[in-house]
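**Q** In terms of the numbering used here, the sequence shown opens at residue 7 and continues consecutively.
Even glycine gets a Cβ: it sits at the ideal position worked out from N, Cα and C.
Sharing a structure here in structure tokens format.
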Amino acid sequence: MEELKKQQILNTAMNVFKEKGYISSSMQDIAEACGMAKGSIYKIFPSKEELFTEVFVVCHQRMFDQASELDCAGRQEELIPKEKFRRKIEFQIQYMIENYFFMVEFKELPIKDNEKFISVWKKKRAMLLLWHRDCFLEVYGDGIQSYIWDIVAIFRGLLKEYLSHVIQKVIALPMSDLALFIVERMDAVVMDLTSTQPEPVLKETNIYFNHLNPIDLQTQQETVREFLQSFSLKISELQKPESVRKELLEVISLFEKELELETPNTTLLHVFTTYLETISELRPYVRQLNLMI
């Protein structure tokens, strides 16, 4: 009985949040929609934040469950991997349209500061990234492993942008055709990456970070170290006297050593970057470095 009541509250709350948004929805609104006393809801969900978090979890779990059912159906029908992938994209677009409020980034909502919500949001993001990774590996095989996270990032960017246009009702294309369009564009991306073989940009260690999941200090320092290697390579290629290049590389070395200290001297770091900025060819690198530290 208690579980049935909980499910009723969750289903009703999902509809209320969709209709009114997080801020405008109250526990009283949800209680009235359920036909219950507000106190009955508080016995199960002590706060609106906890109720919203649980609705968020349920909404995404249903998506993953339905995606799994779609995958099983595809295997039974013996569909080729690319058609299975097209169906998955079509399903995700349709599901995200119908549940758009729970699929956005929550940058402006107070719930983004709730620790429990942040925890489940991180878990959801990780599951979605892994699902997208597995979709591409199933279609294209292990030959794309080196670029898998770049491929996933490009795909997610495409999906997000087209989804926003669908939500604004400016795309008349059927979702099945839009899904096929995205599959064909990703074909071109994968073909280009595997044929030209550029250096991958994203790795598994940095794909999970986001505004709700800020980068940790260790990963940030590793990213800066990698960037300084690229910076040093740029300096080595400068059409400058060897003495100038040597001095610039020494500044990079000093910068790196200072950055590794427990409490780097920010004034000294600024002195280093100001000196590097005197070389016009290095200014874009310095600007990026300043944003990274």
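#1: Tell me whether Gln-235 sits in a helix, a strand or coil according to DSSP, three-state version.
#2: Between the stretch 26 to 43 and the stretch 118 to 133, can you find at least three pairs of beta-carbon atoms closer than 8 Å?
#3: State the Cα-Cα distance for the pair Val-196 and Lys-263, rounded to the nearest angstrom.
#4: Classify Val-158 as buried or exposed, calling it buried when 16 or more other Cβ atoms lie within 10 Å of its own Cβ.
#5: Return the first residue and the last residue of the alpha helix (DSSP H) that Ala-37 is part of.
#6: Report all residues from its chain with a CB closer than 6 Å to the CB of Lys-12; omit the five preceding and five following residues, and keep chain order.
#7: Can the beta-carbon of Tyr-106 be found closer than 8 Å to that of Gln-72?
#8: Rounded to a whole number of angstroms, what is the C-alpha to C-alpha distance between Thr-311 and Leu-288?
#9: I'd like to know if the stretch 238 to 248 and the stretch 274 to 292 are in contact, where contact means that at least 3 CB-CB pairs between them fall below 8 Å.
#10: Give the single residue among His-276, Val-257, Asp-156 and Tyr-28 whose Cα lies nearest to the Cα of Glu-210.
#11: What ranges does the alpha helix (DSSP H) occupy inside the stretch 146 to 191, keeping only unbroken runs of at least 4 residues that lie completely in it?
#12: Between which two residues does the alpha helix (DSSP H) harbouring Val-292 extend?
#13: Pick out whichever of Val-250, Val-63, Thr-59 and Phe-97 has its Cα sitting closest to the Cα of Glu-75.
#14: Please go through the stretch 261 to 290 and give each complete alpha helix (DSSP H) segment of 4 or more residues, from N-terminal end onward.
#15: Alpha carbon to alpha carbon, how far is Thr-59 from Arg-251?
#16: What are the boundary residues of the alpha helix (DSSP H) that Gln-98 is part of?
#17: With a cut-off of 8 Å, does the C-beta of Phe-51 fall near any C-beta of chain D?
#18: For Met-197, does the three-state DSSP call read helix, strand or coil?
#19: Hey, quick one: how far does the alpha helix (DSSP H) through Asp-71 stretch, first residue to last?
#20: Looking at Leu-254: is its Cβ nearer than 8 Å to the Cβ of Leu-282?
#21: How many whole angstroms separate the CB atoms of Phe-91 and Val-172, which I take to be in contact at a CB cut-off of 8 Å?
#22: If you compare alpha carbons, which of Leu-164, Glu-167 and Asp-77 is closest to Asp-140?
**A** Considering the structure as presented:
#1: Helix at Gln-235.
#2: No: the two stretches stay apart, fewer than three of their Cβ pairs being nearer than 8 Å.
#3: The alpha-carbon of Val-196 is positioned some 39 Å away from that of Lys-263.
#4: Classified as buried, Val-158 has 16 or more neighbouring CB atoms from the shown chains inside 10 Å of its CB.
#5: First-last of the alpha helix (DSSP H) with Ala-37: 33 to 40.
#6: A distance below 6 Å between beta-carbons, with the five flanking residues on each side excluded, links Lys-12 to the following residues of its chain, in chain order: Ile-50.
#7: Taking 8 Å as the cut-off, the beta carbon of Tyr-106 is found no closer than this to the beta carbon of Gln-72.
#8: There is simply no residue 311 to check, as the chain begins at 7 and stops at 299 in what is shown.
#9: Remark: three or more beta-carbon pairs, one from each stretch, lie closer than 8 Å, so the stretch 238 to 248 and the stretch 274 to 292 are flagged as touching.
#10: Nearest of His-276, Val-257, Asp-156 and Tyr-28 to Glu-210, Cα basis: Asp-156.
#11: Fully enclosed alpha helix (DSSP H) runs of 4 or longer: 154 to 173.
#12: Going by DSSP, Val-292 is part of the alpha helix (DSSP H) stretching over 289 to 298.
#13: Ranking Val-250, Val-63, Thr-59 and Phe-97 by Cα distance to Glu-75 puts Phe-97 first.
#14: The stretch 261 to 290 contains these whole alpha helix (DSSP H) runs: 272 to 282.
#15: Arg-251 has its alpha-carbon roughly 55 Å from the corresponding atom of Thr-59.
#16: Counting along the chain, the alpha helix (DSSP H) containing Gln-98 begins and ends at 87 to 104.
#17: Included in the structure is just one protein chain, with no chain D present.
#18: In the three-state scheme derived from DSSP, where H, G and I count as helix and E and B as strand, Met-197 is classed as helix.
#19: Boundaries of the alpha helix (DSSP H) harbouring Asp-71: 54 to 82, taken from the DSSP string.
#20: In this structure, Leu-282 lies closer than 8 Å to Leu-254 by Cβ.
#21: Wrong, their Cβ atoms sit about 19 Å apart, outside the cutoff.
#22: Just measuring C-alpha positions, the residue of Leu-164, Glu-167 and Asp-77 sitting nearest Asp-140 is Asp-77.
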